[in-house]
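Protein sequence lines, in the order shown, are assigned to chains C and Z.
Numbering-wise (our numbering), the first sequence opens with residue 32 and increments by one.
Numbering-wise (our numbering), the second sequence opens with residue 32 and increments by one.
For each residue, glycine too, the CB sits at the ideal point set by N, CA and C.
Encoded as structure tokens, the structure appears first; notes follow it.
There are 2 protein chains.
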Amino acid sequence: MRNINPKNFTKATRGTSREINRQIILTLIRTHQPVSRADLSRLMETNRANITLLVNELLAEKLVREGAQGNLRVRGRKPTFLYINSEKGFAIGLDVRASRTFMMVTDSIGKQIGHIVSFPTRFDPREFVSSLGVQIRKALQEVGLPSSPASSCDGIGIVFPGMVDRESGIVINAPKLGWKQVHLIEMLEKEFEGTPIHLENSGRACALSQIWSSRRDSSGQNDSVFVSVSDGVGVGVVVNGELIRGKHNTAGEFGHVPLSIDGPECSCGAHGCWEAYISNLATLSRYFGRNISLREPAPIETLEFTIEDLINKARGGDSKALTALNSTARYLGLGLASIINALDPSFVDIGGEITEAWDLIEPQVREAVKERTLTKELGKTTIRIVPAVEHPRLRGAVALVTAPAFAAPTVA
Amino acid sequence: MRNINPKNFTKATRGTSREINRQIILTLIRTHQPVSRADLSRLMETNRANITLLVNELLAEKLVREGAQGNLRVRGRKPTFLYINSEKGFAIGLDVRASRTFMMVTDSIGKQIGHIVSFPTRFDPREFVSSLGVQIRKALQEVGLPSSPASSCDGIGIVFPGMVDRESGIVINAPKLGWKQVHLIEMLEKEFEGTPIHLENSGRACALSQIWSSRRDSSGQNDSVFVSVSDGVGVGVVVNGELIRGKHNTAGEFGHVPLSIDGPECSCGAHGCWEAYISNLATLSRYFGRNISLREPAPIETLEFTIEDLINKARGGDSKALTALNSTARYLGLGLASIINALDPSFVDIGGEITEAWDLIEPQVREAVKERTLTKELGKTTIRIVPAVEHPRLRGAVALVTAPAFAAPTVA
DNA sequence: CTTTTTTGTTGGAAGTCTAAACATACTATC
DNA sequence: GATAGTATGTTTAGACTTCCAACAAAAAAG
Numbered sequence: 032m033r034n035i036n037p038k039n040f041t042k043a044t045r046g047t048s049r050e051i052n053r054q055i056i057l058t059l060i061r062t063h064q065p066v067s068r069a070d071l072s073r074l075m076e077t078n079r080a081n082i083t084l085l086v087n088e089l090l091a092e093k094l095v096r097e098g099a100q101g102n103l104r105v106r107g108r109k110p111t112f113l114y115i116n117s118e119k120g121f122a123i124g125l126d127v128r129a130s131r132t133f134m135m136v137t138d139s140i141g142k143q144i145g146h147i148v149s150f151p152t153r154f155d156p157r158e159f160v161s162s163l164g165v166q167i168r169k170a171l172q173e174v175g176l177p178s179s180p181a182s183s184c185d186g187i188g189i190v191f192p193g194m195v196d197r198e199s200g201i202v203i204n205a206p207k208l209g210w211k212q213v214h215l216i217e218m219l220e221k222e223f224e225g226t227p228i229h230l231e232n233s234g235r236a237c238a239l240s241q242i243w244s245s246r247r248d249s250s251g252q253n254d255s256v257f258v259s260v261s262d263g264v265g266v267g268v269v270v271n272g273e274l275i276r277g278k279h280n281t282a283g284e285f286g287h288v289p290l291s292i293d294g295p296e297c298s299c300g301a302h303g304c305w306e307a308y309i310s311n312l313a314t315l316s317r318y319f320g321r322n323i324s325l326r327e328p329a330p331i332e333t334l335e336f337t338i339e340d341l342i343n344k345a346r347g348g349d350s351k352a353l354t355a356l357n358s359t360a361r362y363l364g365l366g367l368a369s370i371i372n373a374l375d376p377s378f379v380d381i382g383g384e385i386t387e388a389w390d391l392i393e394p395q396v397r398e399a400v401k402e403r404t405l406t407k408e409l410g411k412t413t414i415r416i417v418p419a420v421e422h423p424r425l426r427g428a429v430a431l432v433t434a435p436a437f438a439a440p441t442v443a
Numbered sequence: 032m033r034n035i036n037p038k039n040f041t042k043a044t045r046g047t048s049r050e051i052n053r054q055i056i057l058t059l060i061r062t063h064q065p066v067s068r069a070d071l072s073r074l075m076e077t078n079r080a081n082i083t084l085l086v087n088e089l090l091a092e093k094l095v096r097e098g099a100q101g102n103l104r105v106r107g108r109k110p111t112f113l114y115i116n117s118e119k120g121f122a123i124g125l126d127v128r129a130s131r132t133f134m135m136v137t138d139s140i141g142k143q144i145g146h147i148v149s150f151p152t153r154f155d156p157r158e159f160v161s162s163l164g165v166q167i168r169k170a171l172q173e174v175g176l177p178s179s180p181a182s183s184c185d186g187i188g189i190v191f192p193g194m195v196d197r198e199s200g201i202v203i204n205a206p207k208l209g210w211k212q213v214h215l216i217e218m219l220e221k222e223f224e225g226t227p228i229h230l231e232n233s234g235r236a237c238a239l240s241q242i243w244s245s246r247r248d249s250s251g252q253n254d255s256v257f258v259s260v261s262d263g264v265g266v267g268v269v270v271n272g273e274l275i276r277g278k279h280n281t282a283g284e285f286g287h288v289p290l291s292i293d294g295p296e297c298s299c300g301a302h303g304c305w306e307a308y309i310s311n312l313a314t315l316s317r318y319f320g321r322n323i324s325l326r327e328p329a330p331i332e333t334l335e336f337t338i339e340d341l342i343n344k345a346r347g348g349d350s351k352a353l354t355a356l357n358s359t360a361r362y363l364g365l366g367l368a369s370i371i372n373a374l375d376p377s378f379v380d381i382g383g384e385i386t387e388a389w390d391l392i393e394p395q396v397r398e399a400v401k402e403r404t405l406t407k408e409l410g411k412t413t414i415r416i417v418p419a420v421e422h423p424r425l426r427g428a429v430a431l432v433t434a435p436a437f438a439a440p441t442v443a
């Protein structure tokens with residue numbers, strides 16, 4: 032039951048119906064390909080005639096291509112399979128992290144081309160931009176694409192570790208890189224003239240990657256939350272199949288909802304944020320038996336000893352490591368319970384290095400979730416792990432570029 | 032950028048455009064009446080011809096009526112004003128509270144008819160239902176409406192103090208009334224045969240009242256939060272002009288997000304929930320210098336001494352009362368900051384008895400919000416008071432009945 | 001009274017979806 | 001191998017929309 036905003040609505044025109052059905056067909060081809068016109072008519076419960084017309088338009092625009100004929104073991108004419116014409120363009124995804132930057136090249140529906148490469152992250156904005164230029168051109172050459180990205184590149188999507196405003200393209204604050212109010216998109220647009228640049232933070236980007244993933248299993252439900260546990264805690268909230276971004280493009284900062292307002296100091300300056308309990312640094316600090324304070328610069332041992340090392344120690348039988356992980360697990364679950372109580376999502380996805388230890392921590396997480404959720408049903412909310420090998424941040428970066436072509440038209 | 036759910040979408044048919052424009056016109060008449068066809072064509076940036084056709088349909092359905100002619104001080108033919116035909120039917124809103132139940136009768140766009148009446152709330156479900164029958168018939172008689180509500184009543188909307196599942200019509204848990212798993216709608220449908228009954232909790236209902244309020248000022252922005260502070264704390268979240276309800280129809284329980292996981296015990300059984308810090312009972316307990324524990328039955332003094340009394344004491348110079356209020360104010364602000372960080376809404380509305388003391392507590396609330404929000408912009412998020420005289424709960428109850436006629440059609 | 005301006009209506013053009021008939025291509029079977 | 005049967009994809013006519021321009025109606029200004 033959505034209210035129509037009387038100050039900002041979209042009226043229906045002659046072409047509105049066509050536009051809607053066109054996007055539905057694109058979506059169905061994307062999620063069901065290979066698929067025939069007849070299949071589409073059944074999925075949409077409409078007649079084949081209309082499908083033919085719309086598909087012909089998509090073929091003419093080269094958004095869709097016809098492939099081999101299907102070979103069904105039934106009588107009748109063989110269907111001609113349709114595919115998204117993903118060779119039409121390509122997209123570049125970048126995952127900027129404090130230590131290294133990861134990069135992926137994909138076709139126009141986000142399917143990976145070549146290997147994921149990484150290179151050191153430059154802390155100076157100017158150097159950062161020029162090194163990106165070098166690396167992108169190198170990667171394109173390797174996969175045999177035109178090295179001038181302006182040509183057929185649909186866009187560059189960048190996931191940035193910190194607070195960003197995607198509309199203005201400004202990095203508001205990225206403590207790990209020491210950036211404040213850097214107009215990143217402006218600089219990048221000069222470097223890659225004509226190529227659209229998109230910016231997003233990690234939690235929201237991860238949520239995007241799940242919305243737009245082509246795996247069928249995840250595309251059935253419309254309300255979900257992605258929690259990315261890493262150096263910081265990023266959260267992306269999906270409502271009605273749409274990522275919520277908020278008035279200032281900063282929605283999703285559940286990482287700074289407190290567990291205890293008098294708790295340990297957080298990098299944001301406040302006390303007792305969820306992030307201060309479950310970020311990788313918090314877990315490490317717990318292991319080293321020091322006071323957890325994310326405000327101070329990271330002590331030397333946490334630079335050499337990573338969360339992965341800690342997980343390995345725990346697996347090796349180090350009880351101190353296991354205790355540190357278990358504490359994190361409990362706090363993770365308590366925070367998840369808050370999110371579940373607040374939003375009642377269909378499922379929660381969790382990403383980040385901590386997922387490598389999921390087999391060790393799952394019971395504690397679930398117990399804590401059950402403990403603080405208000406109803407039994409809420410306590411049973413599906414919690415899924417998104418392992419690092421799926422590269423949710425990179426896929427989210429790519430989705431910033433590839434998704435708009437498939438998005439529902441705004442109407443009413 | 033909304034994803035189309037490939038398992039659950041709505042294709043566009045021949046009539047889709049018409050349906051969309053029809054709802055837009057209804058919305059515009061509702062928010063701008065009196066309004067002429069020519070006005071509508073300008074607001075929608077379309078030609079008058081189309082408006083005429085659609086309006087004629089609405090006139091034939093008696094959803095809209097023509098009124099007096101406008102008398103503009105300009106040349107040209109005078110416009111015929113259009114109005115929502117609000118005399119077509121009527122709606123009944125009920126606000127059930129632990130002590131008394133409040134009732135309002137409205138026309139079909141939610142404009143109040145007659146006075147708001149109240150009567151004692153029966154704790155036994157059967158008595159509750161039959162007393163509702165008596166009271167509703169009495170109220171209808173008084174305002175001169177047909178006393179058999181099945182006739183032209185569009186529906187009955189009920190706001191219930193507790194956890195409800197509006198889809199199944201079950202009161203899951205209402206500690207204040209001692210109800211658990213009561214199938215309220217089933218019982219009421221027997222009493223009021225043929226009349227649609229709607230159930231909702233208080234926080235979400237208040238949010239509805241703001242979405243569907245006909246006041247123009249609030250209808251400009253699409254993302255907001257309503258926080259209702261009373262015996263409990265209810266929250267309704269609006270995203271894209273739509274109340275989010277969640278998978279199990281329980282979304283919005285920010286009241287049980289903790290401020291400190293080791294804090295005072297809450298009525299939900301957990302510790303340190305926001306509700307345990309800011310509910311009326313929490314404020315009263317603080318005043319009486321007792322440990323705040325909402326788990327135990329309310330002590331005698333809080334039954335005789337209400338939050339309104341406390342506010343009056345504070346106004347009268349009682350420093351203990353003022354201190355109690357100030358503590359509540361600070362915790363209120365800290366919790367609001369969490370919501371603002373998490374959702375970045377355009378504005379936050381606050382309702383409940385505590386709003387009577389807004390002039391006393393506003394500075395502390397705003398300071399606490401600024402203290403824990405992540406950016407300056409978030410700290411400046413508009414916070415508005417919805418005074419008790421606006422009866423947000425009752426208006427929300429009514430909106431459950433009246434809003435669907437104006438809602439945007441679901442498409443794609 | 002005539003001109004100007006605004007409102008509301010009408011008829012047809014253009015663009016949708018829809019339903020039915022039709023052509024095409026393949027399998028199964030005699 | 002011919003024929004019947006079946007599924008796919010296309011064409012054509014119909015119904016329903018928005019869109020555009022012209023037109024009638026009504027009121028104020030000159």
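Residue i burial status per 10 Å Cβ neighbour count (16 or more: buried)
i, result
"S199(C)", "exposed"
"V260(Z)", "buried"
"K278(Z)", "buried"
Proximal residues of chain C, C-beta to C-beta of residue i below 9 Å
i, result
"S291(Z)", "P289, L290, S291, I292, D293, G294, G303"
"A436(Z)", "Correct list: empty, because the minimum Cβ distance to chain C is about 10 Å."
Chain Z residues whose Cβ lies nearer than 8 Å to that of residue i
i, result
"L365(C)", "P289, I292"
"W243(C)", "N34"
"E231(C)", "The contacting residues do not exist; E231(C) stays about 11 Å from chain Z at best."
Where residue i meets chain C, residues with beta-carbon distance less than 7 Å
i, result
"H477(Z)", "As displayed, chain Z neither begins before 32 nor continues past 443, which places residue 477(Z) out of reach and without an answer."
"T359(Z)", "Within 7 Å Cβ-Cβ: nothing; T359(Z) doesn't reach chain C, min ~14 Å."
"N372(Z)", "E284, H287, V288"
Per-residue contacts from residue i into chain C (C-beta, under 8 Å)
i, result
"E222(Z)", "Those do not exist, as E222(Z) stays about 25 Å from chain C at its closest Cβ, beyond 8 Å."
"I203(Z)", "T406"
"P440(Z)", "A443"
7 Å Cβ cutoff, residue i in contact with chain Z
i, result
"D375(C)", "yes"
"N52(C)", "yes"
"S139(C)", "no"
"C297(C)", "no"
Chain Z residues whose Cβ lies nearer than 7 Å to that of residue i
i, result
"F40(C)", "I55"
"K27(C)", "It is not possible to answer for residue 27(C), since the shown part of chain C is limited to 32 through 443."
Any chain C beta carbon closer than 7 Å to residue i
i, result
"E284(Z)", "yes"
"S369(Z)", "yes"
"V66(Z)", "no"
"L405(Z)", "yes"
"E198(Z)", "no"
"S48(Z)", "yes"
"G272(Z)", "yes"
Contact list for residue i against chain Z, beta-carbon separation under 9 Å
i, result
"K401(C)", "Under the 9 Å cutoff, chain Z gives no residues; its nearest Cβ is about 11 Å from K401(C)."
Problem set entry | Whole runs of the alpha helix (DSSP H) within the stretch 220 to 262 of chain Z, excluding any shorter than 4 residues | You should have 233 to 242.
Problem set entry | Three CB pairs or more closer than 8 Å across the stretch 419 to 436 of chain C and the stretch 395 to 409 of chain C | Judged by Cβ distances under 8 Å, the stretch 419 to 436 of chain C makes no contact with the stretch 395 to 409 of chain C, as fewer than three pairs qualify.
Exercise. At what residue ranges does the stretch 150 to 204 of chain C contain a whole run of the alpha helix (DSSP H), taking only runs of 4 or more?
Worked result: For the stretch 150 to 204 of chain C, whole alpha helix (DSSP H) runs of length 4 or above, ordered along the chain, are 156 to 173.
Exercise. Quick one: any contact between the stretch 307 to 317 of chain Z and the stretch 351 to 366 of chain Z, if contact means 3 or more CB pairs under 8 Å?
Worked result: Yes, since at least three Cβ pairs between the stretch 307 to 317 of chain Z and the stretch 351 to 366 of chain Z fall closer than 8 Å, the two stretches touch.
Problem set entry | Cβ contact (3+ pairs, closer than 8 Å) linking the stretch 54 to 69 of chain Z and the stretch 95 to 108 of chain C | No: the two stretches stay apart, fewer than three of their Cβ pairs being nearer than 8 Å.
For this session: May I ask you to verify whether the stretch 430 to 441 of chain C touches the stretch 227 to 245 of chain C, counting CB pairs closer than 8 Å and requiring at least 3?
Result: Short answer: they touch.
Problem set entry | Uninterrupted beta strand (DSSP E) stretches inside the stretch 341 to 400 of chain Z (no shorter than 3 residues) | Taken in chain order, the complete beta strand (DSSP E) segments of 3 or more residues contained in the stretch 341 to 400 of chain Z are 378 to 383.
Exercise. Should the stretch 386 to 398 of chain C be called in touch with the stretch 198 to 212 of chain C, which here means at least 3 C-beta pairs below 8 Å?
Worked result: Touching, no.
Exercise. On the three-pair Cβ rule with 8 Å, is the stretch 77 to 97 of chain C touching the stretch 32 to 39 of chain C?
Worked result: The stretch 77 to 97 of chain C vs the stretch 32 to 39 of chain C: no contact.
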